[in-house]
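Student:
Number of protein chains: 2
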Amino acid sequence: MLSKAVKPSVIKNIINKGAVRTVTSLVPGEPNGPSVKTEIPGPRSKELIKELSAIQQSNAVQFFADYEKSLGNYIVDADGNVMLDAYTQISSMPLGYNHPNLLKVFNNDKNMRTLINRPALGVFPGEDWPKKLKDVLLAVSPNLPNVTTMMCGSCSNENAYKNLFIAYRRNERGENVSFTEEENASCMINQAPGAPKLSILSFHGAFHGRTLGVLATTHSKAIHKLDIPSFDWPIAHFPQYKYPLADNVRENAEEDKKCLAEVEDLIVTYKKKGIPVAGIVIEPIQSEGGDNEASPEFFQQLQRIAKKHGAGLLIDEVQTGGGPTGKMWCHEHFNLETPPDIVTFSKKMQIGGYFHNLEMQPATPYRIFNTWMGDPGKMLIVEEILKVVKQQNLLDVVNKTGLKLKSGLEQLQNEFPALLNSVRGRGTFLAMNAANTKLRDDLVNRMKQKGIQSGGCGEISIRLRPALIFQEHHADIFLDTFRQVLKETK
Amino acid sequence: MLSKAVKPSVIKNIINKGAVRTVTSLVPGEPNGPSVKTEIPGPRSKELIKELSAIQQSNAVQFFADYEKSLGNYIVDADGNVMLDAYTQISSMPLGYNHPNLLKVFNNDKNMRTLINRPALGVFPGEDWPKKLKDVLLAVSPNLPNVTTMMCGSCSNENAYKNLFIAYRRNERGENVSFTEEENASCMINQAPGAPKLSILSFHGAFHGRTLGVLATTHSKAIHKLDIPSFDWPIAHFPQYKYPLADNVRENAEEDKKCLAEVEDLIVTYKKKGIPVAGIVIEPIQSEGGDNEASPEFFQQLQRIAKKHGAGLLIDEVQTGGGPTGKMWCHEHFNLETPPDIVTFSKKMQIGGYFHNLEMQPATPYRIFNTWMGDPGKMLIVEEILKVVKQQNLLDVVNKTGLKLKSGLEQLQNEFPALLNSVRGRGTFLAMNAANTKLRDDLVNRMKQKGIQSGGCGEISIRLRPALIFQEHHADIFLDTFRQVLKETK
Numbered sequence: 001m002l003s004k005a006v007k008p009s010v011i012k013n014i015i016n017k018g019a020v021r022t023v024t025s026l027v028p029g030e031p032n033g034p035s036v037k038t039e040i041p042g043p044r045s046k047e048l049i050k051e052l053s054a055i056q057q058s059n060a061v062q063f064f065a066d067y068e069k070s071l072g073n074y075i076v077d078a079d080g081n082v083m084l085d086a087y088t089q090i091s092s093m094p095l096g097y098n099h100p101n102l103l104k105v106f107n108n109d110k111n112m113r114t115l116i117n118r119p120a121l122g123v124f125p126g127e128d129w130p131k132k133l134k135d136v137l138l139a140v141s142p143n144l145p146n147v148t149t150m151m152c153g154s155c156s157n158e159n160a161y162k163n164l165f166i167a168y169r170r171n172e173r174g175e176n177v178s179f180t181e182e183e184n185a186s187c188m189i190n191q192a193p194g195a196p197k198l199s200i201l202s203f204h205g206a207f208h209g210r211t212l213g214v215l216a217t218t219h220s221k222a223i224h225k226l227d228i229p230s231f232d233w234p235i236a237h238f239p240q241y242k243y244p245l246a247d248n249v250r251e252n253a254e255e256d257k258k259c260l261a262e263v264e265d266l267i268v269t270y271k272k273k274g275i276p277v278a279g280i281v282i283e284p285i286q287s288e289g290g291d292n293e294a295s296p297e298f299f300q301q302l303q304r305i306a307k308k309h310g311a312g313l314l315i316d317e318v319q320t321g322g323g324p325t326g327k328m329w330c331h332e333h334f335n336l337e338t339p340p341d342i343v344t345f346s347k348k349m350q351i352g353g354y355f356h357n358l359e360m361q362p363a364t365p366y367r368i369f370n371t372w373m374g375d376p377g378k379m380l381i382v383e384e385i386l387k388v389v390k391q392q393n394l395l396d397v398v399n400k401t402g403l404k405l406k407s408g409l410e411q412l413q414n415e416f417p418a419l420l421n422s423v424r425g426r427g428t429f430l431a432m433n434a435a436n437t438k439l440r441d442d443l444v445n446r447m448k449q450k451g452i453q454s455g456g457c458g459e460i461s462i463r464l465r466p467a468l469i470f471q472e473h474h475a476d477i478f479l480d481t482f483r484q485v486l487k488e489t490k
Numbered sequence: 491m492l493s494k495a496v497k498p499s500v501i502k503n504i505i506n507k508g509a510v511r512t513v514t515s516l517v518p519g520e521p522n523g524p525s526v527k528t529e530i531p532g533p534r535s536k537e538l539i540k541e542l543s544a545i546q547q548s549n550a551v552q553f554f555a556d557y558e559k560s561l562g563n564y565i566v567d568a569d570g571n572v573m574l575d576a577y578t579q580i581s582s583m584p585l586g587y588n589h590p591n592l593l594k595v596f597n598n599d600k601n602m603r604t605l606i607n608r609p610a611l612g613v614f615p616g617e618d619w620p621k622k623l624k625d626v627l628l629a630v631s632p633n634l635p636n637v638t639t640m641m642c643g644s645c646s647n648e649n650a651y652k653n654l655f656i657a658y659r660r661n662e663r664g665e666n667v668s669f670t671e672e673e674n675a676s677c678m679i680n681q682a683p684g685a686p687k688l689s690i691l692s693f694h695g696a697f698h699g700r701t702l703g704v705l706a707t708t709h710s711k712a713i714h715k716l717d718i719p720s721f722d723w724p725i726a727h728f729p730q731y732k733y734p735l736a737d738n739v740r741e742n743a744e745e746d747k748k749c750l751a752e753v754e755d756l757i758v759t760y761k762k763k764g765i766p767v768a769g770i771v772i773e774p775i776q777s778e779g780g781d782n783e784a785s786p787e788f789f790q791q792l793q794r795i796a797k798k799h800g801a802g803l804l805i806d807e808v809q810t811g812g813g814p815t816g817k818m819w820c821h822e823h824f825n826l827e828t829p830p831d832i833v834t835f836s837k838k839m840q841i842g843g844y845f846h847n848l849e850m851q852p853a854t855p856y857r858i859f860n861t862w863m864g865d866p867g868k869m870l871i872v873e874e875i876l877k878v879v880k881q882q883n884l885l886d887v888v889n890k891t892g893l894k895l896k897s898g899l900e901q902l903q904n905e906f907p908a909l910l911n912s913v914r915g916r917g918t919f920l921a922m923n924a925a926n927t928k929l930r931d932d933l934v935n936r937m938k939q940k941g942i943q944s945g946g947c948g949e950i951s952i953r954l955r956p957a958l959i960f961q962e963h964h965a966d967i968f969l970d971t972f973r974q975v976l977k978e979t980k
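Here the protein sequences line up with chains S and U, keeping their order. Each residue of the first sequence is one higher than the one before, counting from 1 in my numbering. Each residue of the second sequence is one higher than the one before, counting from 491 in my numbering.
This is the structure:
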């Protein structure tokens, strides 16, 4: 068994800007670059899309992948096209495909038994579970002492909202005060006071998942929300900055102020309305909604407002967490006075869940509970991922690649100002705006036809969500192809 | 690689009622019976509970398990106690622990790559995904042509509710009528008409999960719902039968009628109230709420009422599905005129999801969507589970064991009428009432101290949720120990 990360030992020659360079790939055996044989989706993918359409709604499928042949930053599709993947399954493959360390995690009888004997973790956890929680998850906690595991991002946010409601009511009720008979009876029929009118304040453009509770705080695209009943919960404006940031400092600070004032207004209004705000949920960078950033000062002030009004602060790091911004958690860029009350994760972490402080811990069991409460099999995978991240200093790789990628994109927006603007982001968690939606979709598609997978977000944005093993030579390939695509744009 | 199910080849001698009998266990090497060395939880479990309590709320933990040593129907705890498990991780281990076939699933490079390269299934599925959906899941579909995969039971129900809302609004709006500008705008701020006032009708005593949408239809215990805001959705009474059923036919038929009339009343009332019922959700046997059964006639009538009022019928088979009632899906006992519109599953199926008819398929993509949309690694596990179920005729085993277990329990309720009553259920999915809550908790605990794991449900019920490999000799052990515990009850 290989317990250490594979060393970046494979040296390759790639052609970049006409010159042959020697580069070292972190995943041995990676292709030298994309190689496209058919349109994408190709004939085999189209056949499979047809087959899948007989079984489920499948119009979102872009292509079928060959996960046996995919490697590192390269995804291979069913038609044999090799693409450089700067989107990585909507930001959820930190080590890319078929990483040699991950292939070995279950070459181990104990781990295999952990995988197949999936317990009800809240009732019958395995002997090693506390140690895993401590050594794997708490080892990367943003200074929060508790962690609760779940299955996915939506469930993590849903349950975290419940912690916020429970904590808010405990504060109102007083510590150790038990439930009234009226509360016990009324909650069973969905009525106050047992099921109280409480709210979570969210932001326009936010995405926190699609199950009914979190969907009430998601406001990125109408198609996610149409026809689904929702809650009357307050929604504030998220700052919309002017770019480049350095040239718009005053306006953007004004924008922060305006949005923060609205948050405070809404908290007061909803309290009066009889639907108090128990918590505020926010992404460090609004991802699905268009990669909208806000300043550290905005987040610092937001936390002060939350504390002032007795609302918990939940930072949703489902998409930003796990390293792509150059820190393990994006909000660590913000220098908050204290950690947020709750930080949710999923995607790159493989297992869902959230870190939280002791105030958010319910005093009694079964309030935050479900059959599985996460999955020890996924814990073994994230354990190995985090080992590799540490041993190969992948956060440094992210920062190094990110600098090159961002400055390359900035150069492109200067070269093509009619097509691109507002390059932004941290680490390799980068985005830019296209002039309009049609152009954005066209650019993403033509990049794909040249073997580069990126993604859209918001109305007009292109987002990059590469793996943490995306290196400078991958950035070069991305930028060169992007320049070519922009040049070919009519 | 072992592609066929392991044959039940191990012959053992067990002592039953004083006589040595020869029995054949479906999982080779299973212990002969429970063996208890310490109180449960023992000292090691208590130590670990303390350790876990520093990391999360952990008062629901019963003991820590040793998943390396557990085998078949026997769970071994961290103190070396061997228990016969008739609860199996809240009904989610169909083949028990460390089944030899499951240990081999990932001894296969292709399967290992499927496990670690977890895709965003809605966008970049693997080549073999349509075939897996067809060969594994649709092969056991209750005559429904579509299947959508998810991560867990709550997410499956949450998303299925969305299908119900979408289908209901499409019927109201007319096929191929697109969304109005007002709908597109209003849904983004959680308001009608885009986010309409629609409801799901549920039943008192029901359990459909704990995220906010499904929690509005869960009514089994106050502690699940206290302090969490909810929806004003209609709740009908689920039939409460008198036992034995054979002696109470007239009263129970009256009870059906009363409950069905209430369902129809509520549909009419909520329509008038401006919160129309888009769907009805029901468990074939209310599990968490106390193993409450309803008759096939009740379900047939309920379906007629749903159809009459244009509401979809969702049967939640998260706990009942996958074989424990002696059929793959419990509602197949009901002889419905047509299949339900949606059937949700999780637990024993390892992967979450739902079968549905074509009316429930949204016309456009991204309406039922999330990053992972299930997990191909779990699909490989359920594939092997279903192979073993078929090859070893485990539904027959369930029916045979169930008969013995049920008649044994009936005998015990006759012997101890002051302690036990209302034995009920199908297959090995069985339950009974204790005279009161204190006695119920005491019986479950004393059974555990003698090495038998069962579970409580509702206020006064004990539920059995053994694996599908629970055989007659396991039933004997269960019944003998239970008789002893009942005898020792003061």
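Glycine included, C-beta positions come from ideal geometry on N, C-alpha and C.
1) For S35/S, which residues does DSSP report across the bridge?
2) Taking the C-alpha atoms as reference points, what is the distance between Y856/U and P590/U?
3) Who are the Cβ neighbours of K732/U in its own chain at under 7 Å, not counting the five residues just before and after it?
4) Looking only at its chain, what residues have a beta carbon closer than 7 Å to the beta carbon of F972/U, apart from the 5 residues adjacent to it on each side?
5) Give the range of the alpha helix (DSSP H) segment to which S631/U is assigned.
6) Following the continuous alpha helix (DSSP H) through N649/U, name the residue where it begins and the one where it ends.
7) Got a sec? Which residues, its chain only, sit under 6 Å from F824/U by beta carbon, not counting five neighbours each side?
8) Quick one: measure Cβ to Cβ for P31/S and A467/S, integer angstroms, because I've assumed they're closer than 8 Å.
9) Figure out for me which residue from D291/S, T217/S, K271/S, V277/S has the closest Cα to the Cα of Q240/S.
10) Would you say A86/S faces chain U, with C-beta separation under 8 Å as the test?
11) Taking Cβ to Cβ, would you say M112/S is nearer than 8 Å to L593/U?
12) Less than 6 Å between C-beta atoms, sequence neighbours within five positions excluded: which residues of the same chain meet that for F207/S?
13) Between G408/S and A475/S, how many whole angstroms is the CB-CB distance? I'm expecting something under 8 Å.
14) Please compile the residues from chain U whose C-beta is within a distance smaller than 9 Å of the C-beta of T364/S.
15) Under 7 Å between beta-carbons, which chain U residues line up against K387/S? List them in chain order, please.
16) For T701/U, I'd like the list of residues in its chain whose CB is within less than 7 Å of its CB, leaving aside the five on either flank, ordered along the chain.
17) Give me the residue from E182/S, I55/S, N433/S with the minimum Cα distance to I460/S.
18) Can you check whether the CB of V517/U is closer than 8 Å to the CB of M818/U?
19) In angstroms, rounded to a whole number, what distance separates the CA positions of L430/S and T180/S?
20) Let me know the secondary structure DSSP gives Y74/S once reduced to three states.
21) Just checking: is the beta-carbon of F968/U within a distance shorter than 8 Å of some beta-carbon in chain S?
22) Provide the residue span of the beta strand (DSSP E) that contains Y270/S, from first to last.
23) Taking a contact to mean a Cβ-Cβ separation below 8 Å, would you say K273/S touches M678/U in this structure?
24) Could you tell me which whole beta strand (DSSP E) segments of length 3 or greater appear in the segment 174-239 of chain S?
25) Taking the C-alpha atoms as reference points, what is the distance between I477/S and I90/S?
26) Counting only beta-carbon atoms, is M937/U nearer than 8 Å to chain S?
27) Using a Cβ-Cβ distance under 8 Å, would E978/U count as near chain S?
28) Give the residues from the segment 407-440 of chain S that approach chain U closer than 9 Å (Cβ to any Cβ), ordered along the chain.
29) Would A610/U pass as an interface residue toward chain S - the criterion being a Cβ-Cβ separation below 8 Å?
30) Using beta carbons (cut-off 8 Å, strictly below), is Q361/S in contact with chain U?
31) On the DSSP bridge assignment, give the partners of F334/S in chain order.
32) The alpha helix (DSSP H) with S543/U in it runs from where to where?
33) May I have a chain-ordered list of the beta strand (DSSP E) segments no shorter than 3 residues that lie completely inside the segment 768-811 of chain U?
34) Answer with yes or no whether the minimum CB distance from K4/S to chain U is below 8 Å.
35) Please confirm if F697/U has its CB atom under 8 Å from at least one CB of chain S.
36) Closest by CA to E359/S, which one among I223/S, D265/S, E472/S, K307/S?
Tutor: A quick look at the data gives this:
1) V82/S
2) 39 Å
3) N738, E741, N742
4) L902, M937
5) Here S631/U belongs to no alpha helix (DSSP H), and DSSP marks it neither H nor E.
6) 643-663
7) P786, F789
8) That belief does not hold up - the Cβ atoms of P31/S and A467/S are roughly 14 Å apart, past 8 Å.
9) D291/S
10) no
11) yes
12) T218, S220, E288, G289
13) 6 Å
14) Q547, N549, I713
15) The premise fails here: K387/S is roughly 14 Å from chain U at the closest Cβ pair, so nothing lies under 7 Å.
16) S644, E648
17) N433/S
18) no
19) 51 Å
20) strand
21) no
22) Unbroken run through Y270/S is the alpha helix (DSSP H), 249-272; no beta strand (DSSP E).
23) no
24) 199-203
25) 20 Å
26) no
27) no
28) none
29) yes
30) yes
31) Paired residue(s): none; F334/S is not in a bridge.
32) 533-543
33) 802-806
34) In this predicted model, K4/S has a pLDDT of only 45, less than 50, meaning its place in the structure is not dependable; the value taken from the coordinates is given anyway. Chain U contact via Cβ: absent.
35) no
36) K307/S
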